[in-house]
Every structure is written in C-alpha cells, then in structure tokens.
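Chemist: The opening residue of the sequence shown carries number 1 in full-length UniProt numbering; numbering runs sequentially from there. Take a look at this one; I'll ask things after.
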Amino acid sequence: MVECCEEVKLPNFYVSIILESLASFLLVFIGGSVYVKYERPYNVSNVYEIAVVFGGMLTVLSECLKDVSKAHINPIITLASTLTKRISLLRALCYIVFQFAGALAGVYALDAMVPKAAARAVGMTVLSADTTLLKGLVFEMIFSFIYTWIHFASRNSRDTFKGFSGPLAIGIFYALSHIILVEHTGCSLNPARSLAPAIYENNFNELWVFIIGPFLAGALSGLVHDLIIHRSKGHPYPRARSCSITCCKPSREEVIMTNRNAVEKVENKVLTSHSSGPDIIIYPPLGQEKLV
Numbered sequence: 001m002v003e004c005c006e007e008v009k010l011p012n013f014y015v016s017i018i019l020e021s022l023a024s025f026l027l028v029f030i031g032g033s034v035y036v037k038y039e040r041p042y043n044v045s046n047v048y049e050i051a052v053v054f055g056g057m058l059t060v061l062s063e064c065l066k067d068v069s070k071a072h073i074n075p076i077i078t079l080a081s082t083l084t085k086r087i088s089l090l091r092a093l094c095y096i097v098f099q100f101a102g103a104l105a106g107v108y109a110l111d112a113m114v115p116k117a118a119a120r121a122v123g124m125t126v127l128s129a130d131t132t133l134l135k136g137l138v139f140e141m142i143f144s145f146i147y148t149w150i151h152f153a154s155r156n157s158r159d160t161f162k163g164f165s166g167p168l169a170i171g172i173f174y175a176l177s178h179i180i181l182v183e184h185t186g187c188s189l190n191p192a193r194s195l196a197p198a199i200y201e202n203n204f205n206e207l208w209v210f211i212i213g214p215f216l217a218g219a220l221s222g223l224v225h226d227l228i229i230h231r232s233k234g235h236p237y238p239r240a241r242s243c244s245i246t247c248c249k250p251s252r253e254e255v256i257m258t259n260r261n262a263v264e265k266v267e268n269k270v271l272t273s274h275s276s277g278p279d280i281i282i283y284p285p286l287g288q289e290k291l292v
C-alpha cells in the first residue's frame, strides 16, 4: 500500500475517485429510472426488469473500473477493503465521500430527467408493510455479506474468478438479490444508494437499516474472507510486524518491505562471498509474489 502522502501525487488516485463517483451516479440514475416506472406491489415482469437493469449496470461498471479503482462502487466494499489493508485510509475516505456525492447527483438528475421520479420517491429503498425492522435488517445483512464475499473473491487472483467472470458474478448476484429482496426492502446492499434518495426526500425513517446493516455485514465479510481464504492457503512470505489487523493478510506495503529486506540480505551475502573467498554467486530463490 502506498503511503497517503505519496498517494496524492499519483494520477490514479484522482482518476479513481472521479470514476467511483461517476459509477455511483450511473448506478442510481439508470437503475432508478426503471425503478420509478412501477409501484408496489410489483408483478413478476416488473421485478425481473428491475433486477436485469441493476445487475447488468453493475456488471458493466465493475468491468470498466476493475483495473483502475478496483470497482468498489459501494461504500461497504470500501470499508471492508480498508479494514483488510487493501487501500489506504485517505483513499477510502475519498471513495466514500465521492460515492455518496455521485449517488446524490444521480437522484437529482433522475428527478430532473424522469417526470415520474418525484412521485415515486426517486427509487427510495423502503421496507414493505409486512417486513419488520428486524427482518429487513437481517435480509440486508445476509445479502451484503455474500455480495462483499463475491467481490473479494473476484479480486483475488488465486481464487476461482478470472477475467470478466468476476464482474459477471457480482452483477448476477446483485440481480438475484433484487429478485428476492425488492418486494421486502427494495434491495439496497449499498448505503449510498439508500442515503441519497432519503436526503432528497428528507425522509430518514428506517434508513438505519440500509446503513448499519450493510456496513456491518460488509466489514465482517471482508475480515472473515481474509481469515479463511488466506490462512488456509498460507503465505509464501514471512509476515512483517505492523499494526494491521492480525486476522487479515499482510498489506501491500508489508509485502514490499519484506521482499526489499530479503533482497538486501541476498545482496550482502553476494558481496561477502566475493570479498572473502572464491567467486561463489548466491542467487535468490525463484518465485514472484502475487499482490492482491
């Protein structure tokens, strides 16, 4: 992981922030534009249409951003990535702020462009009449946990997902989540997508369900993923001392520092062997670290 003070000098830092904001804007604007066409209770065709639009949009956005910003497009992914030392705290804060800003801009654009948006609460996620607060919270937490796990698995080069199949898996699960949850909670799994319409409508009833639930489940999913996946596969390098969470994998910075120390030791051995005896060359072991 690059130091915060060095990260602000990199063009990727600013490009990633802008793209994360744009992705949140498009997800809320395009997804919400089909959401506001219908009223509850939805019929089967309505639910499938909403699911296809949200799932397809997330798939496209994930594919476009995966090599630039790692395609978070969701504050719960950013929080989980921060806790597992995948990104710096500065980048995480900027991501979350701009994700919320992009979602809010998407709501205002939706209201301006789609006449029915204001009457339908601009795609606001709310609990249905027969869904209690506890039931809605459990729904959002379970699906947010799985969503975060799939995202982490798709970003791990040692796991099953390769190439385009990673974004596709994320999009398919998001679509399936809408098919199951849209009648109960509106299917958020994304605090930015729920908070933006709530701010626009000045309606914060039940909002904590869509904020606290996904954040807690996403953070737990990221930590458990690293605890199970990385400990079971083991590390090909020694773990450096750091203040990172003990159940998570070493950060990029730790890996770089560990490798740097190993190279320095090898170079010192080579110099010592040349100066004290016959020409014995000591080569470093073969292998290359794969950073997540």
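Positions of the beta carbon are idealized from the N, C-alpha and C atoms, including for glycine.
Is the region 20-32 close to the region 92-105, with three or more CB pairs under 8 Å?
Modeler: yes
Chemist: Indicate the three-state DSSP secondary structure (helix, strand or coil) for CYS187 in the structure shown.
Modeler: As a first step, residue 187 is located in the sequence shown; it is residue number 187 there, counting from the start. Three-state DSSP puts CYS187 in coil, outside helix and strand.
Chemist: What three-state label does DSSP hand MET141 in the structure shown?
Modeler: Translated into the one-based positions of the sequence shown, residue 141 becomes position 141. MET141 falls in the helix class under three-state DSSP.
Chemist: Would ALA217 and SER154 qualify as a contact pair, given that the criterion is a beta-carbon distance under 8 Å?
Modeler: In the sequence shown, the residue the question calls residue 217 occupies position 217. In the sequence shown, the residue the question calls residue 154 occupies position 154. No.
Chemist: Along the chain, where does the alpha helix (DSSP H) containing PHE173 start, and where does it finish?
Modeler: Against the sequence shown, residue 173 aligns to sequence position 173. Per DSSP, PHE173 belongs to the alpha helix (DSSP H) from 165-181.
Chemist: Is the beta carbon of GLY222 less than 8 Å from the beta carbon of THR84?
Modeler: In the sequence shown, the residue the question calls residue 222 occupies position 222. In the sequence shown, the residue the question calls residue 84 occupies position 84. Yes, they are a contact pair.
Chemist: Is it the case that the Cβ atoms of GLY123 and VAL36 are separated by a distance below 8 Å?
Modeler: Here residue 123 refers to the residue found at position 123 of the sequence shown. Here residue 36 refers to the residue found at position 36 of the sequence shown. Yes, they are a contact pair.
Chemist: Could you check the C-alpha separation between GLY56 and TYR48 for me, to the nearest Å?
Modeler: For this step, residue 56 is matched to residue 56 along the sequence shown. For this step, residue 48 is matched to residue 48 along the sequence shown. The straight-line gap from Cα to Cα measures roughly 12 Å.
Chemist: For THR67, count the other beta carbons within 10 Å of its own beta carbon; 16 or more makes it buried, fewer makes it exposed. Which is it?
Modeler: Indexing the sequence shown from 1 puts residue 67 at position 67. The identity of residue 67 in the sequence shown is Asp, whereas the question assumes Thr. When all chains shown are included, ASP67 counts as exposed.
Chemist: Thinking LEU65 and GLU7 are a contact (beta carbons under 8 Å), I'd like their distance in whole angstroms, please.
Modeler: As a position in the sequence shown, residue 65 is number 65, starting the count at 1. As a position in the sequence shown, residue 7 is number 7, starting the count at 1. Their Cβ separation, rounded to whole angstroms, is 18 Å, which puts LEU65 and GLU7 out of contact at 8 Å.
Chemist: Which class does VAL34 belong to by DSSP, given the choice of helix, strand or coil?
Modeler: Position 34 of the sequence shown, counting from 1, holds the residue named residue 34. Correct three-state label for VAL34: helix.
Chemist: Any idea if ILE170 is buried or exposed, counting beta-carbon neighbours within 10 angstroms, 16 or more meaning buried?
Modeler: Along the sequence shown, read from residue 1 onward, the residue named residue 170 stands at position 170. ILE170 is buried by the Cβ-count criterion.
Chemist: What residues in its chain sit with their C-beta under 7 Å from that of LYS135, if we drop five residues either side in the sequence?
Modeler: Reading the sequence shown from its first residue, position 135 is the one you call residue 135. Counting only Cβ-Cβ distances below 7 Å, and skipping sequence neighbours, we find nothing.
Chemist: Are PRO75 and PRO191 closer than 8 Å when you measure CB to CB?
Modeler: The count along the sequence shown starts at 1 and reaches residue 75 at position 75. The count along the sequence shown starts at 1 and reaches residue 191 at position 191. PRO75 places its beta carbon less than 8 Å from that of PRO191.
Chemist: How many angstroms separate the CA atom of residue 294 from the CA atom of ASP130?
Modeler: No statement about residue 294 is possible, as the shown extent of the chain runs from 1 to 292 and does not include it.
Chemist: Confirm, please, whether the CB-CB distance from GLU206 to VAL126 is below 8 Å.
Modeler: Reading the sequence shown from its first residue, position 126 is the one you call residue 126. Reading the sequence shown from its first residue, position 206 is the one you call residue 206. Yes.
Chemist: Checking 8 Å against the spacing of the C-beta atoms, do residue 303 and TRP149 come in under that value?
Modeler: Given that the chain is displayed from residue 1 to residue 292, the structure contains no residue 303 and the question cannot be resolved.
Chemist: Identify which residue in HIS151, LEU168, ILE172, PHE173 has its Cα closest to the Cα of LEU79.
Modeler: The residue you call residue 79 lines up with position 79 of the sequence shown. It is HIS151 whose Cα lies nearest to the Cα of LEU79.
Chemist: Would you say ALA175 and ALA92 are within 8 Å of each other, going by their C-beta atoms?
Modeler: Translated into the one-based positions of the sequence shown, residue 175 becomes position 175. Translated into the one-based positions of the sequence shown, residue 92 becomes position 92. Not closer than 8 Å, so no.
Chemist: Using 7 Å as the cut-off, classify the Cβ of GLY32 as near or not near the heavy atoms of the ligand SAM, replying yes or no.
Modeler: Absence of the ligand SAM is noted for the structure shown, with no ligands found whatsoever.
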